[in-house]
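Okay, structure first, notes after.
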Amino acid sequence: MSTTFTVEDLDLIFIVVPRDFESGTVNLPVSEMSSKQFRDWIVAKCEIEGISMIVPEGQIRLETRANMLNRLAENGVKIYKLGG
C-alpha cells in the first residue's frame, strides 16, 4: 500500500540540501526548500533511482512538489515523514 503525500505533509518531510547562499548543507522540510534546492534534489534523486521525470523550471509550487514526491513513491522510492 502506497502513501499519498499532501501539501500538509511537506512540513514533515526533511531533506539535507546544500545552502543557497552559503557553503555547507542544511536539513529543511520540503515546504521550506527553495525551488532551486528542491529541483536539484529531485533531479539527483530521479537519476539515482532511474526514474524519468520532467522537472519544471522556475518556481515549483507546493502542490507540484507533493505530486513529484508521490511519483517517486509510486516508483518504489522510500520517502519518510515525521510521525508517520
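Using this note's numbering, the letters of the sequence shown map in sequence onto residues 135 to 218.
A virtual CB, placed ideally from N, CA and C, is assigned to each residue, including glycine.
Since the structure is predicted, the reported quantities are computational estimates derived from the model, not experimental observations.
Output the distance between the C-alpha atoms of Gly184 and Phe148, rounded to the nearest integer angstrom.
22 Å
Note down the Cα distance separating Cys180 from Met187, rounded to an integer number of angstroms.
7 Å
Tell me where the beta strand (DSSP E) around Asn161 begins and ends.
Thr159 to Pro163
On the criterion of 16 or more Cβ atoms from any shown chain inside 10 Å, does Val164 qualify as buried, or is it exposed?
buried
Taking its Cβ as the centre, do 16 or more other Cβ atoms sit within 10 Å of Phe155, making it buried, or is it exposed?
exposed
Length of the line joining the Cα atoms of Thr140 and Ala200
6 Å
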